[in-house]
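*Asks:* Residue numbers are given in my numbering: position 119 of the sequence shown equals residue 256, and the series is strictly consecutive. Take this structure first; my questions come after.
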Amino acid sequence: MKFDPGKAWPHPVLRPPSYGDDYPNAEFEVEIEVERTKKSTAVEVSARFELSEPSLLRILGQGKAQFALLIRSPQTHFRELLKSRQRDVRRSFLAGALSGRVELAPFLICEQPLRGFQAEGWHSDFSGREFDIDPGSVLAEDVSKDYWIDTTDEAPLGSIFGHKYRSDLPNGRWEYELADDRVWIVMSNSDAQQYRAAREQADNQPDGQYLMNGLYLPALIAVLNDVDRNAEEYEDYRWFSSLGQRLEAIGCPHLGKENANRAIDAQKLLDSPFLRMPLIARAGLDGS
Numbered sequence: 138m139k140f141d142p143g144k145a146w147p148h149p150v151l152r153p154p155s156y157g158d159d160y161p162n163a164e165f166e167v168e169i170e171v172e173r174t175k176k177s178t179a180v181e182v183s184a185r186f187e188l189s190e191p192s193l194l195r196i197l198g199q200g201k202a203q204f205a206l207l208i209r210s211p212q213t214h215f216r217e218l219l220k221s222r223q224r225d226v227r228r229s230f231l232a233g234a235l236s237g238r239v240e241l242a243p244f245l246i247c248e249q250p251l252r253g254f255q256a257e258g259w260h261s262d263f264s265g266r267e268f269d270i271d272p273g274s275v276l277a278e279d280v281s282k283d284y285w286i287d288t289t290d291e292a293p294l295g296s297i298f299g300h301k302y303r304s305d306l307p308n309g310r311w312e313y314e315l316a317d318d319r320v321w322i323v324m325s326n327s328d329a330q331q332y333r334a335a336r337e338q339a340d341n342q343p344d345g346q347y348l349m350n351g352l353y354l355p356a357l358i359a360v361l362n363d364v365d366r367n368a369e370e371y372e373d374y375r376w377f378s379s380l381g382q383r384l385e386a387i388g389c390p391h392l393g394k395e396n397a398n399r400a401i402d403a404q405k406l407l408d409s410p411f412l413r414m415p416l417i418a419r420a421g422l423d424g425s
């Protein structure tokens, strides 16, 4: 089970507007937070579910549906589905349970058989129709969120980045936002789907992450230049010290340095991703 923007369901599913209009006037939004214990990989995951559709709220109250948060950590082979009828879900994890990239996917799940189900908020295309829905079926889903969970010293540089989409951005143009917890790479819906697919492919190649690092390069150059101009504004942000420590470790000028050549520094931070391209290409040829 994971968020798949191209999946066709056998019954109406409430999804973000950019991915479907089965429920054109309803919302299912989930705010997820991950709090990490300082200098440890122990974390607390919390989620707040917001649901506006009356029929889905009704079956939730009847115990025929539950909110669900799927937590996956490929690096530690951890997988768990948290379920609750309450809008707030919270779960603590000991150090080492979750590490590296962690995927958090929110859903509303059917818990009891629904026979002849109808919902008030369906699109007019479903007017007068009824559906039989089995337990375990998805009734609503929000876009999954990815987080890196590692100590500062262990975390890859990519851990300071997060990804989100914005419907008004044209395909092929990415922007960035400097937030307290991470640097957000903002892209169009289509680019976000392609990025996710490319990352899954990269995870299956020994040097695939270096190819993904090449995608970060222009954003990292822009971020470094931005931070150099406004170091005092960002020095309390969570990612600032991690980025500064990595620059220091590879012998690059500290954040806030005037006239630093951040194009070169960014390549060093990403471990010269373009030098790895022949290895990646060779791996692809060997596997073809």
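Positions of the beta carbon are idealized from the N, C-alpha and C atoms, including for glycine.
Who are the near neighbours of Y313 in its chain, counting only those whose CB is closer than 8 Å to its CB and skipping five residues on each side?
*Replies:* Your numbering for residue 313 matches position 176 in the sequence shown. Excluding residues within five positions, the ones whose Cβ falls inside 8 Å are V320, W321, I322, V323, A356, A359, V360.
*Asks:* To the nearest angstrom, how far is it from the Cα of D262 to the Cα of E166?
*Replies:* Translated into positions along the sequence shown, residue 262 becomes position 125. Translated into positions along the sequence shown, residue 166 becomes position 29. Answer to the nearest angstrom: the Cα atoms are 23 Å apart.
*Asks:* Please return the same chain residues whose Cβ sits closer than 7 Å to the Cβ of K394, not counting the five positions on each side in sequence.
*Replies:* Numbered from its first residue, the sequence shown carries residue 394 at position 257. D365.
*Asks:* Rounded to whole angstroms, what is the Cα-Cα separation between A184 and A316?
*Replies:* As a working note, residue 184 is residue 47 in the sequence shown. As a working note, residue 316 is residue 179 in the sequence shown. When rounded, the distance between both Cα atoms is 19 Å.
*Asks:* Under 8 Å, with one C-beta from each stretch per pair, do the stretch 271-280 and the stretch 214-223 reach the 3-pair mark?
*Replies:* no
*Asks:* With DSSP collapsed to three states, give me the class of Y374.
*Replies:* Stepping through the sequence shown from its first residue, residue 374 is reached at position 237. Of the three classes helix, strand and coil, the one that applies to Y374 here is coil, per DSSP.
*Asks:* Hey, H260 and D159: beta-carbon distance below 8 Å or not?
*Replies:* Counting from 1 along the sequence shown, the entry for residue 260 is found at position 123. Counting from 1 along the sequence shown, the entry for residue 159 is found at position 22. Yes.
*Asks:* May I have the straight-line CA-CA distance separating F204 from S189, to the nearest angstrom?
*Replies:* Taking the first residue of the sequence shown as 1, we reach residue 204 at position 67. Taking the first residue of the sequence shown as 1, we reach residue 189 at position 52. Going by the C-alpha atoms only, they are around 13 Å apart.
*Asks:* Name the two residues that bound the continuous beta strand (DSSP E) containing D402.
*Replies:* Against the sequence shown, residue 402 aligns to sequence position 265. Premise fails: D402 lies in the alpha helix (DSSP H), 399-406, not in any beta strand (DSSP E).
*Asks:* Are I208 and L241 touching if we call contact CB-CB under 8 Å?
*Replies:* As a working note, residue 208 is residue 71 in the sequence shown. As a working note, residue 241 is residue 104 in the sequence shown. It is a contact, given that the beta carbons lie within the stated cut-off.
*Asks:* What's the gap between the Cα of F254 and the Cα of L412?
*Replies:* Here residue 254 refers to the residue found at position 117 when the sequence shown is read from its first residue. Here residue 412 refers to the residue found at position 275 when the sequence shown is read from its first residue. Straight-line Cα distance between these residues: approximately 57 Å.
*Asks:* Over the uninterrupted beta strand (DSSP E) stretch that includes G198, give me the two end residues.
*Replies:* Numbered from 1 along the sequence shown, position 61 holds the residue referred to as residue 198. Going by DSSP, G198 is part of no beta strand (DSSP E) but of the alpha helix (DSSP H) stretching over 191-198.
*Asks:* Start and end of the beta strand (DSSP E) containing E395?
*Replies:* Looking up residue 395 in the sequence shown gives position 258. No beta strand (DSSP E) holds E395; DSSP gives it neither H nor E.
*Asks:* Who are the near neighbours of T289 in its chain, counting only those whose CB is closer than 8 Å to its CB and skipping five residues on each side?
*Replies:* In the sequence shown, counting from the first residue as 1, residue 289 sits at position 152. Bear in mind that a pLDDT of 49 at T289, under 50, signals an unreliable position, so the number given afterwards is only what the model happens to contain. Here the set comprises K176, S378, S379, Q382.
*Asks:* Tell me the DSSP bridge mates of L219?
*Replies:* Numbered from its first residue, the sequence shown carries residue 219 at position 82. In DSSP, L219 forms a bridge with L206.
*Asks:* In terms of residues, what are the limits of the beta strand (DSSP E) holding F230?
*Replies:* Counted from its first residue, the sequence shown places residue 230 at position 93. First-last of the beta strand (DSSP E) with F230: 225-230.
*Asks:* Please confirm whether L245 and L193 have their CB atoms less than 8 Å apart.
*Replies:* The count along the sequence shown starts at 1 and reaches residue 245 at position 108. The count along the sequence shown starts at 1 and reaches residue 193 at position 56. A contact, by the Cβ cut-off of 8 Å.
*Asks:* Under the three-state reduction of DSSP, which class applies to P307: helix, strand or coil?
*Replies:* Taking the sequence shown and counting its residues from 1, the one referred to as residue 307 is at position 170. DSSP places P307 in coil when its eight states are reduced to three.
*Asks:* Using the three-state DSSP reduction, which class does D279 fall into: helix, strand or coil?
*Replies:* Position 142 of the sequence shown holds residue 279. Correct three-state label for D279: coil.
*Asks:* Could you tell me if E370 is buried or exposed, where buried requires 16 or more neighbouring beta carbons within 10 angstroms of its beta carbon?
*Replies:* Position 233 of the sequence shown, counted from the first residue, corresponds to residue 370. With fewer than 16 Cβ atoms within 10 Å of its Cβ, E370 is classed as exposed.
*Asks:* Give me whichever residues DSSP pairs with M324 in a beta bridge.
*Replies:* Sequence index remark: in the sequence shown, residue 324 carries index 187 (1-based). DSSP lists Y302 as partners of M324.
*Asks:* CB-CB under 6 Å to R399, same chain, minus the five flanking residues each way: which ones, in chain order?
*Replies:* Numbered from its first residue, the sequence shown carries residue 399 at position 262. These residues qualify, in order along the chain: I358, L361, N362.
*Asks:* Whole angstroms are fine: how far does the CA of W285 sit from the CA of W376?
*Replies:* Numbered from 1 along the sequence shown, position 239 holds the residue referred to as residue 376. Numbered from 1 along the sequence shown, position 148 holds the residue referred to as residue 285. If I take the Cα positions, the gap works out to 12 Å.
*Asks:* Under 8 Å between the Cβ atoms of Y302 and A329?
*Replies:* Here residue 302 refers to the residue found at position 165 of the sequence shown. Here residue 329 refers to the residue found at position 192 of the sequence shown. Cβ distance < 8 Å, so Y302 and A329 count as in contact.
*Asks:* Measuring CB to CB, does E187 end up less than 8 Å from E164?
*Replies:* Counted from its first residue, the sequence shown places residue 187 at position 50. Counted from its first residue, the sequence shown places residue 164 at position 27. Cβ distance < 8 Å, so E187 and E164 count as in contact.
*Asks:* Looking at C-alpha atoms only, which residue of D283, L406, E372 is the closest neighbour of G388?
*Replies:* Counted from its first residue, the sequence shown places residue 388 at position 251. Looking at the Cα atoms, L406 is the closest of the given residues.
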